[in-house]
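Novice:
Numbering (UniProt numbering), first residue to last: 1 to 123.
Below, the structure is given as structure tokens:
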């Protein structure tokens, strides 16, 4: 009877160890993917600035900042994130990056309502 309990406990410990190892691997892979996506966004910030310039007919945008906590993988492929302009976190926009062949392009770049109103107003 005692030998049966030892075998049972050993099997349970092995199963828990396997689950912990697999879970840790998945967590680390997701963390690395997130860090890699943030690096891609950082290195292609100029693409977003160019996309936002289309909406900036009165040259009001002085700086563009990315909220790196919002960087996520798009279900359709690519990277989605949010940012803001002129160091004002209320003037926000949505944006994305997608790789076509070997070239990275900005996609889905659109100012949110408050930023849109700000950009349309004349000074």
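Yeah, the Cβ is synthetic: ideal placement off N, Cα and C, and Gly gets one too. Source: prediction; values computed, not measured.
If you draw a straight line from the alpha carbon of residue 108 to that of residue 38, how long is it in whole angstroms?
Specialist: Cα to Cα, the separation comes out at about 17 Å.
Novice: Should residue 75 be labelled buried (16 or more other beta-carbon atoms within 10 Å of its own) or exposed?
Specialist: With fewer than 16 other Cβ atoms within 10 Å, it is exposed.
Novice: Quick one: what does DSSP say residue 96 is sitting in, helix, strand or coil?
Specialist: Residue state, collapsed to three classes: strand.
Novice: In terms of alpha-carbon separation, which member of 114, 105, 120 and 117 lies closest to residue 49?
Specialist: The residue with the shortest Cα to Cα distance from residue 49 is 105.
Novice: Which term fits residue 117, buried or exposed, when burial requires 16 or more other beta carbons within 10 angstroms of its beta carbon?
Specialist: With fewer than 16 Cβ atoms within 10 Å of its Cβ, residue 117 is classed as exposed.
Novice: Express the C-alpha separation of residue 6 and residue 159 in angstroms, rounding to a whole number.
Specialist: An answer regarding residue 159 cannot be provided, because it is not within the stretch 1 to 123 covered by the chain.
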